[in-house]
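Reading the sequence shown from the start, the letters are residues 377 to 560 in this note's numbering.
All residues carry an ideal CB built from backbone N, CA and C; glycine is no exception.
Each remark here refers to the structure printed beneath this line.
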Amino acid sequence: MHQRGLSIRRGHKSDSLLPDASRKDAPELSQVRLRPLEAQDLPALLRLDARCFPPRISYSRAELEFFVRHPRSTTTIAETDGQIAGFCVVDWRLESGRKVGHFITIDVSPELRRKGLGRLLMQAGEADLAAMGAIAITLEVATNNAGALVFYDRLGYQATGRIPGYYADGTDAFVLRKRLNAAG
Ligand SMILES: CC(C)(COP(=O)(O)OP(=O)(O)OC[C@H]1O[C@@H](n2cnc3c(N)ncnc32)[C@H](O)[C@@H]1OP(=O)(O)O)[C@@H](O)C(=O)NCCC(=O)NCCS
377 MHQRGLSIRR
387 GHKSDSLLPD
397 ASRKDAPELS
407 QVRLRPLEAQ
417 DLPALLRLDA
427 RCFPPRISYS
437 RAELEFFVRH
447 PRSTTTIAET
457 DGQIAGFCVV
467 DWRLESGRKV
477 GHFITIDVSP
487 ELRRKGLGRL
497 LMQAGEADLA
507 AMGAIAITLE
517 VATNNAGALV
527 FYDRLGYQAT
537 GRIPGYYADG
547 TDAFVLRKRL
557 NAAG
C-alpha cells in the first residue's frame, strides 16, 4: 500500500480479545489486544513501518503522522505482551456518492508473521469500514510483494487494475478490491 494516511476514532475498540485468539497454531494470539491509536504510538509505528517496508517505500514521520491523524482515517493497533505487534490504517472516499473504504497500510512485525495477526487486523479494519457504510474496500499492493498478494487473495481481494510506477522506487501497484455488498 502506498497512500498510507490519517484520524483516529479513539475508543472504537478497546481491550478486545480477538475472536479466533485460540487458534491452536498461534498460541501467541491469545495475548493479542486490539486497540485504537494513542498519541504516544507514533514512534513505535514508525519503527515498525521501517522494518516492514524498504527505505524508499516506508513512511517518513510526517507521512505517517498525516495518515494516522487524518479525520477520515482509523488506526487499529495489535499488541502482544504490551508491545505493538502490528497495525493497520484505513480511510474512505466517495465513489459516485457511495463510501468506498481503503487500506492505507497494514504492518505486522516480521517475527510475528504467519500467526494470523495480519488477518485479524484486516478483519478489524474491514469491520470499521463496514460499520461506516462502505460498499467495498480497495487497496494498492506492489506487484512484486508476492506474500501480500497471497494474503489478500485469501481474504477475498481481487485485482481491478494496475498503476505503473506507483511506488517511489518505480514499482507498479495492483489495485485490489473487495465488495462488501451487492453495490460494491
Ligand atoms: C502482509 C502481512 C501484513 C501479513 O501478515 P501476517 O500476520 O503474516 O498474515 P497472516 O498470518 O494473518 O496470514 C494469513 C494467510 O495469508 C497468507 N499469507 C500471509 N503471508 C504470506 C506469505 N508471506 N506468503 C504466502 N502466503 C502468505 C497465508 O495463506 C496465511 O495463512 P497461513 O499462515 O495459515 O498459511 C505481513 O507479511 C506484513 O506486514 N508484511 C510487510 C508489510 C506489507 O507488505 N504489507 C502489505 C502491503 S500492501
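Straight-line CA distance for residue i to residue j?
i              : j                 : result
alanine 544    : leucine 552       : 19 Å
tyrosine 533   : threonine 519     : 14 Å
leucine 424    : serine 436        : 12 Å
isoleucine 539 : glycine 546       : 10 Å
threonine 536  : phenylalanine 550 : 8 Å
tyrosine 542   : aspartate 467     : 19 Å
aspartate 529  : valine 517        : 12 Å
asparagine 521 : threonine 481     : 13 Å
alanine 524    : leucine 496       : 14 Å
Compare the C-alpha of residue i against each of the options and name the closest.
i              : options                           : result
alanine 559    : Val408, Val526 and Lys475         : Lys475
alanine 500    : Ile460, Ala454, Phe527 and Ala524 : Ala454
methionine 498 : Ala510, Ile511, Met508 and Asp483 : Asp483
glutamine 416  : Ser449, Gln459 and Pro430         : Gln459
Tell me which residues share the same chain as residue i and place their Cβ nearer than 8 Å to its Cβ, disregarding the 5 neighbours each side in the sequence.
i           : result
proline 486 : Arg427 and Cys428
leucine 488 : Glu404, Thr456, Ala461 and Gly462
leucine 422 : Tyr435, Arg437 and Leu440
Kindly say whether residue i, judged by its beta-carbon, lies nearer than 8 Å to any beta-carbon of chain B.
i          : result
serine 485 : The structure shown contains no chain B; it holds only a single protein chain.
Take residue i and list the residues in its own chain whose beta-carbon comes closer than 6 Å to its own, dropping the five residues that flank it on each side.
i           : result
alanine 506 : Leu556
Once the 5 residues before and after residue i are set aside, which same chain residues still bring their CB inside 7 Å of it?
i             : result
arginine 432  : Ala544 and Asp545
arginine 469  : Val476 and His478
alanine 397   : With a pLDDT of 41 at alanine 397, under the threshold of 50, the modelled position of that residue is not reliable, and the figure given next carries that caveat. Correct list, in chain order: Leu405, Ser406 and Val408.
glycine 509   : Lys475
glutamate 563 : What is shown of the chain runs 377 to 560, which leaves residue 563 out entirely.
Based on the DSSP output, what are the partners of residue i in its beta bridges?
i             : result
arginine 553  : Thr514 and Gln534
lysine 475    : Leu470
cysteine 464  : Thr452 and Ile482
glutamine 459 : Thr456
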